[in-house]
Each structure stands twice: as structure tokens, then as C-alpha cells.
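Engineer: Take this structure, written in C-alpha cells, and hold onto it; I'll ask about it next.
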Amino acid sequence: MPYHEFECSKVIPERKEHAVDKEPGEDLTSCLPKGYLNTIPGSISERGCAYCGAKHVIGTPMKDVLHVSHGPVGCTYDTWQTKRYISDADNFQLKYTFATDVKEKHIVFGAEKMLKENIHQAFDAFPEIKRMTIYQTCATALIGDDIGAIADEVMEERPDVDIFVCNSPGFAGPSQSGGHHKINIAWVNQKVGTFEPEITSDYVINYVGEYNIQGDQEVMQDFFRRMGIQVLSTFTGNGTYDELRGMHRAHLNVLECARSAEYICNELRVRYGIPRLDIDGFGFEALGNSLRKIGLFFGIEDRAQAIIDEETAKWKPQLDWYKERLQGKRVCLWPGGSKLWHWAHAIEAEMGVKVVSLYTKFGHQGDMEKGIARCSEGTLAIDDPNELESLEAMELLKPHVIFTGKRPGEVAKKVGVPYLNAHAYHNGPYKGFEGWVRFARDIYNAIYSPIHQLSELDISKDEIPGNHGFVTRRMLSDADLSDEIRNAPHLSEYDGKFDCLAALKDKTYPEFPRRVAAAE
Amino acid sequence: MMTCDVKAKDRIGTINPIFTCQPAGAQYASIGIKDCIGIVHGGQGCVMFVRLLISQHLKESFEIASSSVHEDGAVFGALDRVETAVDVLLMRYPHVKVIPIITTCSTEVIGDDIDGVITKLEEELLAVKYPDREVHLIPIHTPSFVGSMVSGYDVAVRDFVKAFAAKSEPNGKINLITGWVNPGDVTALKHLLAEMEIDATVLFEIEAFDSPLMPDKSAVSHGDTTIADLIDTANATATVALNRYEGAKAAQFLEKKFKVPAVIGPTPIGIRNTDTFLKSLQTLTGKPIPQSLVRERGIAIDAITDVAHMFLADKKVAIFGNPDLVIGLAEFCLDLEMKPVLLLLGDDNAGYAEDPRIKALQDNVSHEMEIITNADLWDLEDRIKNKGLELDLILGHSKGRFVSIDTGVPMVRVGFPTFDRAGLFRHPVVGYAGATWLVEQIANTLFTDMEYKKNKEWLLNVW
Amino acid sequence: MDDLTQDRIGQLIDYIMKNCLWQFHSRAWDRTRQNENIVGMTTKILCGEPVEAETPFDKCYWVDAVCLADAYRARHPWLTEMNADGIKTLMTGLLERLEYLTVTGSLNAELTDQHY
Numbered sequence: 049m050p051y052h053e054f055e056c057s058k059v060i061p062e063r064k065e066h067a068v069d070k071e072p073g074e075d076l077t078s079c080l081p082k083g084y085l086n087t088i089p090g091s092i093s094e095r096g097c098a099y100c101g102a103k104h105v106i107g108t109p110m111k112d113v114l115h116v117s118h119g120p121v122g123c124t125y126d127t128w129q130t131k132r133y134i135s136d137a138d139n140f141q142l143k144y145t146f147a148t149d150v151k152e153k154h155i156v157f158g159a160e161k162m163l164k165e166n167i168h169q170a171f172d173a174f175p176e177i178k179r180m181t182i183y184q185t186c187a188t189a190l191i192g193d194d195i196g197a198i199a200d201e202v203m204e205e206r207p208d209v210d211i212f213v214c215n216s217p218g219f220a221g222p223s224q225s226g227g228h229h230k231i232n233i234a235w236v237n238q239k240v241g242t243f244e245p246e247i248t249s250d251y252v253i254n255y256v257g258e259y260n261i262q263g264d265q266e267v268m269q270d271f272f273r274r275m276g277i278q279v280l281s282t283f284t285g286n287g288t289y290d291e292l293r294g295m296h297r298a299h300l301n302v303l304e305c306a307r308s309a310e311y312i313c314n315e316l317r318v319r320y321g322i323p324r325l326d327i328d329g330f331g332f333e334a335l336g337n338s339l340r341k342i343g344l345f346f347g348i349e350d351r352a353q354a355i356i357d358e359e360t361a362k363w364k365p366q367l368d369w370y371k372e373r374l375q376g377k378r379v380c381l382w383p384g385g386s387k388l389w390h391w392a393h394a395i396e397a398e399m400g401v402k403v404v405s406l407y408t409k410f411g412h413q414g415d416m417e418k419g420i421a422r423c424s425e426g427t428l429a430i431d432d433p434n435e436l437e438s439l440e441a442m443e444l445l446k447p448h449v450i451f452t453g454k455r456p457g458e459v460a461k462k463v464g465v466p467y468l469n470a471h472a473y474h475n476g477p478y479k480g481f482e483g484w485v486r487f488a489r490d491i492y493n494a495i496y497s498p499i500h501q502l503s504e505l506d507i508s509k510d511e512i513p514g515n516h517g518f519v520t521r522r523m524l525s526d527a528d529l530s531d532e533i534r535n536a537p538h539l540s541e542y543d544g545k546f547d548c549l550a551a552l553k554d555k556t557y558p559e560f561p562r563r564v565a566a567a568e
Numbered sequence: 301m302m303t304c305d306v307k308a309k310d311r312i313g314t315i316n317p318i319f320t321c322q323p324a325g326a327q328y329a330s331i332g333i334k335d336c337i338g339i340v341h342g343g344q345g346c347v348m349f350v351r352l353l354i355s356q357h358l359k360e361s362f363e364i365a366s367s368s369v370h371e372d373g374a375v376f377g378a379l380d381r382v383e384t385a386v387d388v389l390l391m392r393y394p395h396v397k398v399i400p401i402i403t404t405c406s407t408e409v410i411g412d413d414i415d416g417v418i419t420k421l422e423e424e425l426l427a428v429k430y431p432d433r434e435v436h437l438i439p440i441h442t443p444s445f446v447g448s449m450v451s452g453y454d455v456a457v458r459d460f461v462k463a464f465a466a467k468s469e470p471n472g473k474i475n476l477i478t479g480w481v482n483p484g485d486v487t488a489l490k491h492l493l494a495e496m497e498i499d500a501t502v503l504f505e506i507e508a509f510d511s512p513l514m515p516d517k518s519a520v521s522h523g524d525t526t527i528a529d530l531i532d533t534a535n536a537t538a539t540v541a542l543n544r545y546e547g548a549k550a551a552q553f554l555e556k557k558f559k560v561p562a563v564i565g566p567t568p569i570g571i572r573n574t575d576t577f578l579k580s581l582q583t584l585t586g587k588p589i590p591q592s593l594v595r596e597r598g599i600a601i602d603a604i605t606d607v608a609h610m611f612l613a614d615k616k617v618a619i620f621g622n623p624d625l626v627i628g629l630a631e632f633c634l635d636l637e638m639k640p641v642l643l644l645l646g647d648d649n650a651g652y653a654e655d656p657r658i659k660a661l662q663d664n665v666s667h668e669m670e671i672i673t674n675a676d677l678w679d680l681e682d683r684i685k686n687k688g689l690e691l692d693l694i695l696g697h698s699k700g701r702f703v704s705i706d707t708g709v710p711m712v713r714v715g716f717p718t719f720d721r722a723g724l725f726r727h728p729v730v731g732y733a734g735a736t737w738l739v740e741q742i743a744n745t746l747f748t749d750m751e752y753k754k755n756k757e758w759l760l761n762v763w
Numbered sequence: 006m007d008d009l010t011q012d013r014i015g016q017l018i019d020y021i022m023k024n025c026l027w028q029f030h031s032r033a034w035d036r037t038r039q040n041e042n043i044v045g046m047t048t049k050i051l052c053g054e055p056v057e058a059e060t061p062f063d064k065c066y067w068v069d070a071v072c073l074a075d076a077y078r079a080r081h082p083w084l085t086e087m088n089a090d091g092i093k094t095l096m097t098g099l100l101e102r103l104e105y106l107t108v109t110g111s112l113n114a115e116l117t118d119q120h121y
């Protein structure tokens with residue numbers, strides 16, 4: 049096994065099996081780090097907890113719901129307003145969060161009574177909202193509150209409300225991924241099949257493992273609507289509670305982030321006979337193939353092809369403009385989970401960069417299999433990296449840019465590596481054809497920032513290059529390009545709007561006649 | 301005389317909290333100490349999110365570790381995780397000397413004896429494996445179901461001082477306990493002390509969190525309060541704790557144990573509170589207030605005079621955040637002729653109603669005013685949207701951004717966190733410089749709002 | 006297996022690894038099911054044989070098979086010159102290799118977990 053031993057982690061030898069170099073000739077049977085094991089205490093890992101995996105990652109993107117955390121106020125506060133999962137419900141899910149505010153007396157005497165009062169008060173404060181999710185936290189798990197029983201009581205007292213309970217305390221698993229699993233299984237057990245949705249198309253999908261970061265879901269939903277496909281539910285970005293109760297009526301589960309949501313697709317396959325189709329919403333080729341597969345499934349591949357042709361014609365020249373300028377740029381692809389495989393090959397093939405390292409904060413070995421399968425030779429793959437390892441890797445690999453979270457991005461900043469937010473994006477959406485160009489644009493803007501160039505200059509001893517009052521990105525990125533590429537008439541910079549979703553708001557879609565009467 | 305009620309929030313739960321929990325306060329305190337990496341004993345989220353929160357605010361990173369309690373630990377006890385965490389941290393961070401062990405709700409509920417495990421670690425791990433290394437393990441009990449991040453900060457400052465303070469020779473210094481402030485505040489406070497030629501120990505020295513991006517890539521953000529500083533707090537002439545709820549416990553400890561006189565408050569926000577602060581420094585040290593500060597004060601008053609009675613008078617303000625900050629801002633607003641009509645104080649501290657500053661507001665304010673304790677942001681939003689509260693301005697932190705955005709009441713970001721505005725951590729709200737900055741922020745925010753809403757925007761054609 | 010076949014299987018596997026996700030379901034039984042069905046249907050398509058895809062599950066394998074077959078034809082001109090027997094032998098080798106990489110030789114410790 050081509051393990052990569054970090055100098056800084058030699059004193060914790062069990063870390064050795066968590067990083068590998070994908071060397072020539074290696075394949076998945078010889079090159080895979082361990083994954084999803086208990087974190088080494090004190091290693092300063094980047095992992096979060098199972099509560100956040102359930103509530104913060106998967107639960108909260110549901111847009112028409114009061115999201116209540118049963119515990120002290122901190123869990124709620126800390127997981128509030130740190131993500132960019134927007135919705136078309138005026139971002140209700142971003143704006144409001146509820147904590148039962150458990151205090152010492154409740155720890156001693158029980159917090160069920162106050163939980164019930166809390167639920168009523170929350171519904172009273174927002175009379176138009178009739179749906180609620182409740183998340184257990186470490187404290188209320190340990191005192192053994194029966195949240196489900198309280199929820200049942202309230203649902204009896206208020207027949208017009210529906211409540212989902214997720215028992216996923218922070219300690220339930222090595223990382224946030226434990227919470228992804230718990231909420232998937234809890235939702236399919238408690239809620240799927242309890243609501244009969246209206247079927248409006250012959251082609252009905254659940255769009256699963258998609259969280260509408262900066263509008264990704266809305267971009268993909270636009271494609272589906274153009275194809276006449278009904279997105280019955282989205283699990284969970286921009287999704288509604290009742291649509292997600294009706295997941296059992298879809299014909300196909302279209303799965304994006306298998307890491308966080310494959311469990312529910314597997315259960316829906318076994319319990320309701322709905323097939324699972326894994327797709328990539330990122331990258332022209334992968335996205336095109338994904339749309340085509342969905343079209344083929346329903347026998348409407350011509351509609352998919354029309355979209356692919358139109359979007360490719362419009363955006364490929366802009367993508368290629370960036371590809372020419374990003375050739376060979378070294379990238380550390382350091383996201384949380386799924387992006388390591390969504391992006392690994394696509395950015396190399398379509399943007400010309402070289403992925404020199406990938407890591408996963410909370411992923412499993414299955415994610416690393418996909419990531420290592422997709423990256424090229426010479427890549428350093430790390431499971432559950434810690435602060436010192438990240439620094440050592442950056443020193444070793446000298447990346448031009450890293451894609452990671454906000455705080456690790458600050459670490460990179462200090463060692464002169466610009467970062468893009470892999471979780472929340474810089475200026476997304478990044479899904480869709482235009483989104484992919486926006487991603488390339490953001491990478492370009494990071495790498496060729498004139499200020500980045502200045503940051504490397506020591507004014508006490510270095511010469512000032514040239515005699516410029518300014519330098520533009522183009523002066524930097526085009527310096528070594530051939531005239532042919534620099535002036536290529538068919539290539540152009542991104543020319544979309546700051547908010548590319550605005551155009552989708554009032555868009556009308558073609559009406560496709562139904563093949564069968566709406567008898568479902 | 302109009303009424304000024306002090307009452308607790310009338311709902312049991314929290315909708316959009318103003319505060320996070322105790323361990324976050326202990327973590328914010330810990331990053332102010334040099335060669336210190338805290339270990340938060342609990343689930344990983346208790347660290348990951350707090351680091352993210354502070355990082356969003358400061359636009360910097362720094363280290364805090366977790367004991368990573370998983371399911372087995374929650375069931376059978378997780379002290380072994382603390383033991384491993386301390387060893388791993390010491391092995392990999394050779395500079396680390398101070399390791400606070402910060403508890404959370406989970407490890408307090410399961411009753412992990414961190415004091416006991418520290419004794420064990422001192423006798424075994426430290427004695428055997430690190431005999432020549434200076435290491436201090438400090439238990440900090442911050443269950444999340446008690447108090448808030450404010451009390452967590454207060455407890456942590458006291459516990460750090462308690463762990464180190466040792467009597468030797470009087471050092472002639474002032475201990476200055478800043479409370480939960482920004483790097484810019486520390487700069488402003490140190491400036492005032494320097495002008496008065498007062499030697500002080502600052503708890504905590506977080507000025508360096510406004511840190512550079514250096515060409516040699518060497519810059520790391522960390523606190524600068526040293527172990528020697530903490531030891532020497534017992535030998536000071538006096539302790540000035542600027543905030544009653546964030547640091548006063550440490551001042552009281554030093555007074556009781558080492559007879560170091562404690563002066564609690566005032567939070568030096570605004571001219572008047574800064575005056576009082578300087579006068580108490582003068583009383584404690586005998587040092588005169590120099591002409592340079594008379595001039596600086598004059599600059600602030602000049603700036604305020606430019607805007608106060610023309611633009612700020614009678615503007616209705618709601619203020620939320622850490623209690624000392626809110627009270628200080630309310631007092632300053634009154635000097636600016638504004639009307640603080642609603643103060644939202646975070647946690648369920650029963651002492652707020654007895655705070656003399658609040659009593660003074662109750663006795664003297666001549667407009668309708670409400671003070672809510674154990675408050676949340678719904679107490680603000682509900683009053684604006686559903687109960688007819690009219691406001692011209694909100695003063696508060698970024699977690700309240702949607703209240704401002706959705707109600708159209710402009711908001712000046714102040715306090716912690718202020719992640720949705722650039723660079724605010726760099727600017728002080730304390731001292732004369734802070735007063736100038738605040739009043740101009742307030743005025744410019746109102747001006748922008750007038751223009752955006754076309755509400756007498758022509759007023760500024762001549763000024 | 007001769008070098009040429011091995012090399013061609015390598016090329017075909019490389020495409021699957023870099024571009025597909027269907028071979029990476031989370032449990033061994035699902036991987037084998039996916040591999041057999043999708044590679045099986047791809048083989049038929051490449052050989053010009055009819056594919057029955059009536060059930061939703063079969064349809065789902067089939068869409069992956071269609072896209073894989075198209076990609077193979079577009080990328081590997083030598084495929085169009087092979088006869089059906091040759092293709093079947095090649096694809097049998099491919100399935101074996103894929104099963105090895107993703108199931109029997111896989112280092113993923115979660116593959117045999119009995120639950121999702």
C-alpha cells in the first residue's frame with residue numbers, strides 16, 4: 049500500500065493508514081486509505097458532529113418547516129447561518145431556527161414538559177407553518193427524553209400539524225456522516241408514504257442528495273422542467289416537507305450526493321421498487337450524460353439532447369476560455385465528502401487543472417474509492433486530515449489554489465494559497481453548464497488575483513516587478529499564452545449576471561401532453 | 301416619567317438565539333493566551349462550529365482541539381479521550397504549554413471527572429513522558445445548559461487567573477481585563493494606557509488576531525498573554541475589569557485571594573464611560589490624564605457634535621448582544637440624544653435586573669423603554685413586525701442581519717459576531733476612538749438608509 | 006489473456022472509473038448486481054443484440070449501458086471492428102476485472118455491512 053506518512057503525524061502511527069499516494073500502477077485494490085473511523089482525540093481534525101450532519105446538513109434545507117433543536121441553545125446557534133442553502137420560500141429555513149433552551153433544571157428533572165410547551169409556542173409564533181422537525185442533541189439524548197412521544201401528543205392536540213423527530217445526538221458516530229445516515233433512515237421510516245402527492249407528469253423523479261447551495265437545485269430543476277419532468281421532491285435543498293413525505297410515488301431516484309443520501313435511495317429501492325440513478329450535476333460531459341440518462345429512462349432523450357446542445361453551444365466557449373488559462377494549475381481538492389469525486393476528474397478534463405491532493409473530512413472509504421478512481425496519478429489522498437497535515441501537504445505540493453471550508457481557507461491564506469469555498473461556493477451556483485463556467489471563473493479570479501502576486505513580494509528586499517501602477521488578471525494569465533489562443537475569436541470570458549437565478553424566477557415552461565390520464 | 305420595564309422573555313424556548321453556549325466563551329478566552337491550545341471535551345461540533353464562528357468573525361484561523369467523544373464515550377465515560385487528546389496535542393505541538401480542558405453539556409451530564417483526570421495526567425503522563433516540559437492542564441467547567449457564552453467567558457478568565465496567579469513582589473501594574481472585545485478594542489485600550497504611561501497586564505492580548513499575510517508566509521494568528529503575565533496578576537496594584545459579566549469573576553478572585561483591589565466597570569463605551577475609566581486609572585495609579593487624551597477626547601466630541609443633535613436626536617434604537625456591550629451602547633446613545641427603546645440581554649442571568657446601570661436607566665429615562673432578559677431575536681422581530689415597535693436603527697451583531705434586512709430597519713454591526721461586514725474586528729468601540737468610530741458608523745448608516753429609501757435624502761445636499 | 010486484450014480492458018475500465026458512478030454502490034451485493042446488469046446490457050448493445058428493459062430496474066441499468074456503449078464506440082474505433090464473439094470475450098474480461106476492483110479485491114471495509 050502506497051501509504052503517505054506525514055512527518056507531523058509520525059507520533060500517531062495509526063494516521064499512517066489514512067493517507068495514500070496514487071502512484072503509477074496503483075488501483076483501488078492496492079491504494080485506499082482507511083476511512084470513517086473514530087477521530088484521534090487532540091489531532092485537531094476538521095470533523096463536525098452527528099447532530100450537525102442531521103440537522104444542519106440535511107434537515108434545515110427543507111424550506112417550509114420550523115426546525116427545532118431540543119437541547120441547550122448552542123447547538124442551534126452554532127449551526128445557524130453558516131451555510132448557503134437558499135430556497136424560493138424567501139429563505140425561511142435560513143432565517144429562523146428554534147432551540148428549546150434546555151437549562152440545568154431540565155437536565156435534572158427532565159425536559160419533556162418544556163419541549164411540549166416549546167413546540168406549541170413555536171407553532172403559535174408562526175401560525176402559517178404547519179410542519180416541524182425536532183432534533184435531539186447530546187444533552188437530551190443523555191437524559192433520555194422521549195421526543196417522539198411528545199411529538200405524537202402534539203400531533204393529536206393539533207391535527208393540522210406534522211412533526212418529524214430525528215434522534216441523532218452529536219456523539220452518534222465519528223463525524224457528521226453519522227447524522228446523515230440517521231436522518232435518512234428516520235425519514236424513510238417515519239414519513240415516506242404518509243402523504244399522497246399530486247402527480248402532474250408521466251415522468252416523475254425524486255432529486256436526492258441535493259442541497260441547493262447558492263441555487264444548484266433551482267438550476268437543475270430548470271433542466272428537469274424543460275424536459276417535462278416532475279421533480280416530486282428534492283431531498284432536501286429547496287424541498288418541502290410534504291413533497292418529501294410523498295417520495296414513494298416517484299418513478300426514479302436521481303442521486304447526487306451519495307455520501308449524504310444514498311441510504312434513503314437504497315431503502316426506497318428495496319421498499320418501494322424505485323431505481324437509483326447516480327448522477328453528476330457538475331461538468332459539461334458528466335452533466336450532459338446525466339441528463340441524457342434521465343431522458344433515456346423516460347424515453348425523452350431528445351429533450352435532454354436539446355438542452356445539452358443549447359447549453360453547450362452557449363457556455364462551452366466561455367469554459368474553454370478559462371481552460372486555456374488554467375492549464376496545469378495545481379489544485380488541492382479538499383471538500384467534506386462528495387465533491388472529491390464529483391470534481392476530481394471533471395476539473396482536470398474540462399478546466400485543465402491538475403488535482404494534486406484530495407481529502408475528505410467526513411467521508412467513508414466508498415467516497416475515497418470514487419475519488420481515487422477519478423483522480424489522476426500522483427495525487428495525495430487523505431482521510432480525516434488534521435491541521436498540521438494540511439499545512440504539511442500544502443508545503444509539499446505547493447498548490448495554486450485549494451477548495452475547502454471557510455476556516456481551513458484562512459489557514460491556506462496565511463501560507464499564500466488562495467482558497468475557494470468548496471461547501472458554500474464563492475460565487476455560485478456551480479451546477480449546470482453556466483454554473484460550471486462560474487466555478488472556472490472563480491478559480492481563475494483566485495489564482496490570477498493581482499493582489500495574490502503582491503502578497504509574495506517582500507518590499508524590504510525584493511525588486512518591484514515592472515513599472516506598473518496596476519496589473520490586470522489578463523496581464524498575468526495571458527503572459528505565456530500564444531497569440532492564437534490569446535486572441536481566439538471563439539473564446540470569451542464569462543458574461544453572465546451576478547445572480548444568474550433571477551432569470552429562472554418567472555420562466556414559463558413548455559406544456560407536454562400526458563401519455564396516460566392522471567390516474568396515479 | 302415614562303416606564304422602563306425589565307422583564308424576562310415570555311416564551312420558554314428560543315427563536316433565533318442572540319448567544320451561544322458556555323464552551324464557546326471559554327474557547328474565545330483560550331485563544332487569547334500564548335502557547336495555549338484548548339481541548340473541548342465533548343462532541344466535535346462543539347469545537348468545529350465555534351472555530352468556524354470565531355473564524356468568520358476574525359477572518360483568521362487558530363487552533364482548538366476536541367476530545368472527539370463518540371458513542372462509546374457517551375455511554376461508558378470519555379476520560380480516556382481526554383488523556384489521549386492531551387498526549388497527542390503535546391506530541392505534535394511542541395510549543396504548547398497551556399491546555400485548558402473545557403467541558404460541554406454531554407461530558408457534564410455523564411459526569412466525567414476532568415479534575416481527577418488532570419491529577420492523573422500530571423502524576424503519570426506529564427511526570428513520565430514530559431518531565432522536562434512546562435505544561436499546565438486547567439479544568440474549565442462550562443456546561444452548555446448553564447448561562448451562555450458570556451458566563452463561559454467569565455468562568456474561563458477566572459479559571460485561567462486562578463490556575464496561575466501567584467504572589468511575589470508587587471509589580472506596580474494594572475491588570476486590565478477587557479471582556480469579550482475585538483482586536484481593535486485591545487489596540488484602543490493599550491493606546492489609552494500608553495498615553496497615561498501606565499504599565500498594564502492585558503487579559504487577553506488578542507490584538508495580533510488582526511494579523512498580516514506576510515511574504516515569508518510565517519504569520520500565525522494567536523493570543524499574546526503569557527503564563528508570566530497570568531502569574532503576575534496576583535502582584536498588580538489593582539485590577540480593572542471593564543465588563544461586569546465578562547471578567548469580573550477573575551477580578552473578584554484576585555481581590556479575595558491576593559488583596560488586589562478590583563474595579564468593576566464601566567465598559568468604556570462613549571465619552572462618559574471612557575472619562576470614568578480614565579479617572580479610575582488616575583485614582584489607582586496617581587498618573588495624570590495627559591493633554592494628548594484631552595485632545596483625543598476633543599476630536600471625538602467634535603465628531604459627535606457634527607452629527608448628534610442634527611441627525612441622531614430622538615432616533616429610536618433597539619440594541620442586542622452581550623449585556624455589558626448593550627448597556628454601554630444604550631448609555632452612549634442617550635448621550636447622543638437617541639432613544640434606546642429596546643434592550644435585549646441574552647441569557648437568564650438573574651443579576652441583570654439588579655445591575656445599577658439598569659436601575660439608573662429605569663430611574664432616569666424619559667421615554668418608553670423595554671429591557672428583556674433571556675432574550676432572543678424573535679423578541680426584536682416580533683415587536684417590529686407584529687406589535688407596532690417603531691425603530692430607526694438596530695445595534696447588534698450579524699446573527700440579526702435578517703431582522704434588519706426584512707424589516708428595513710438599518711443596522712450597525714457591533715459586538716460578536718460581525719461576519720457580514722468587512723474588517724469590523726479591527727475597529728474599536730471602546731475609548732474615545734471607539735466613540736468616534738461608533739457615532740460615524742451610526743450616522744453613515746442612517747445616511748445610506750435615507751438615500752436608499754429616498755427619505756429626505758436631499759438633506760445631505762448641504763452639511 | 007493476451008496483452009492486447011488486457012490493454013483494451015484497461016482502457017475500458019479507465020473510462021468507467023473516471024466517468025461512471027454506478028459501480029460504486031455502497032454494498033457488495035449492490036455492486037455485483039449493478040456490474041453484471043450494466044456490463045451485460047452494454048455487451049448486448051455493442052454486439053447489436055436486443056435488450057429487454059421493461060421493469061424500472063432494468064431500464065435504469067439500460068440507460069447506463071446505452072451511455073457506456075456510446076462512449077466506448079466514440080472513444081475506441083477498434084471496438085467497431087470487433088465481431089460479437091470478440092466483444093463478448095472482451096466484456097467478460099472487463100466484468101471480471103471490474104468485479105475484482107470494486108468487490109472481490111476492494112479494500113472498502115463497509116461493503117459487507119448487512120444494513121444500508
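Chains as they are written, first to last, in my numbering: chain A, 49 to 568; chain B, 301 to 763; chain C, 6 to 121.
Don't be surprised by glycine CBs; every beta carbon is placed ideally from N, CA and C.
These numbers were taken from a predicted model, which means no experiment stands behind them.
Name the one or two DSSP bridge partners that MET496/B has.
Structural biologist: Note: MET496/B sits in no beta bridge, so no partner.
Engineer: Does DSSP put GLN11/C in a helix, a strand or coil?
Structural biologist: In the structure shown, GLN11/C sits in a helix (DSSP, three-state: H, G or I).
Engineer: Who are the neighbours of PHE345/A on chain C, taking C-beta pairs under 7 Å?
Structural biologist: Those within 7 Å of PHE345/A in chain C are LYS64, CYS65, VAL68.
Engineer: Does the beta-carbon of THR288/A have 16 or more other beta-carbons within 10 angstroms, so that it is buried, or is it exposed?
Structural biologist: Classification of THR288/A: buried, given that the 10 Å Cβ count is 16 or more.
Engineer: Residues of chain B with CB under 8 Å from THR124/A, in chain order?
Structural biologist: Near THR124/A (Cβ distances below 8 Å), the residues of chain B are THR314, PRO317.
Engineer: Using 8 Å as the cut-off, can you tell me whether the stretch 10 to 27 of chain C makes contact with the stretch 733 to 743 of chain B, which would need three or more C-beta pairs spanning the two stretches below that distance?
Structural biologist: Taking 8 Å as the limit for Cβ pairs, the verdict is that the stretch 733 to 743 of chain B does not touch the stretch 10 to 27 of chain C.
Engineer: I'd like the list of long-range same chain contacts for PRO317/B, defined as Cβ closer than 6 Å, with 5 residues on each side in sequence excluded.
Structural biologist: ASP676, listed in sequence order.
Engineer: Reducing DSSP to helix, strand and coil, say where GLY384/A ends up.
Structural biologist: Coil at GLY384/A, not helix or strand.
Engineer: Give the secondary structure of ASP506/A by DSSP, where H, G and I count as helix, E and B as strand, and everything else as coil.
Structural biologist: Note: ASP506/A maps to coil in three-state DSSP.
Engineer: What residues of chain B sit near VAL463/A, judged by a beta carbon separation below 7 Å?
Structural biologist: Correct list: LYS517.
Engineer: If you measure from the beta carbon of ASP326/A to each beta carbon in chain C, is any gap under 7 Å?
Structural biologist: It does; some Cβ of chain C falls within 7 Å.
Engineer: Using the three-state DSSP reduction, which class does ILE474/B fall into: helix, strand or coil?
Structural biologist: Reduced to three states, the DSSP call for ILE474/B is strand.
Engineer: DSSP on ASN434/A, reduced to helix/strand/coil?
Structural biologist: Of the three classes helix, strand and coil, the one that applies to ASN434/A here is strand, per DSSP.
Engineer: Identify every residue that forms a DSSP beta bridge with ASP210/A.
Structural biologist: BP columns for ASP210/A point to ARG179/A.
Engineer: Report yes if the C-beta of SER406/B is less than 6 Å from at least one heavy atom of the ligand COA; otherwise report no.
Structural biologist: The ligand content of the structure shown is nil, which means the ligand COA is not present either.
Engineer: Taking DSSP as the reference, what is the three-state secondary structure of THR107/C?
Structural biologist: THR107/C falls in the helix class under three-state DSSP.
Engineer: Given that ASP455/A touches chain B, what residues does it touch there, using C-beta distances under 7 Å?
Structural biologist: Note on identity: in this sequence residue 455/A is Arg, with Asp being the wrong assignment. Neighbours of ARG455/A on chain B, chain order: ARG351, LEU352, SER355, SER361.
Engineer: Could you give the first and the last residue of the continuous beta strand (DSSP E) run that contains LEU644/B?
Structural biologist: Element bounds for LEU644/B: 639 to 645.
Engineer: Once the 5 residues before and after HIS395/B are set aside, which same chain residues still bring their CB inside 8 Å of it?
Structural biologist: The residues are ASP335.
Engineer: Whole beta strand (DSSP E) runs in the stretch 63 to 118 of chain A with 3 or more residues, listed along the chain?
Structural biologist: With a minimum length of 3 residues, the continuous beta strand (DSSP E) runs that stay inside the stretch 63 to 118 of chain A are 67 to 70, 114 to 118.
Engineer: With a floor of 3 residues, list each beta strand (DSSP E) that falls wholly inside the stretch 520 to 590 of chain B, ordered by position along the chain.
Structural biologist: You should have 538 to 541, 562 to 564.
Engineer: Output the boundary residues of the beta strand (DSSP E) element that contains PRO439/B.
Structural biologist: Element bounds for PRO439/B: 436 to 440.
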